[in-house]
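What follows is one structure encoded as structure tokens, with my remarks underneath.
In this note's numbering, the protein residues as written are 743 to 790.
Following this line, the structure appears as structure tokens:
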């Protein structure tokens, strides 16, 4: 799992189906970069 920043929010890569953001060659990070809000659609709390 990688992470990238778009529109000042951290998104997961590959982008989950719950998020409609398109990855367009942003820098990929091994951990969520600090100082950004996490995308609610990418970081949903799953069941369990």
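The beta-carbon is built from N, C-alpha and C at its ideal position, and this holds for glycine as well. Keep in mind that this is a model prediction, so the values were computed, not measured.
- The alpha-carbon separation between residue 755 and residue 778 amounts to approximately 16 angstroms.
- Beta-carbon to beta-carbon, residue 751 and residue 780 are separated by about 7 angstroms, close enough to satisfy the 8 angstroms threshold.
- In this structure, DSSP gives residue 745 an extended state, which the three-state scheme calls strand.
- Nearest Cα to residue 748 within the set 772, 764 and 787: 764.
- Excluding sequence positions up to five before and after residue 743, its CB lies within less than 7 angstroms of the CB of 754, all in the same chain and listed in chain order.
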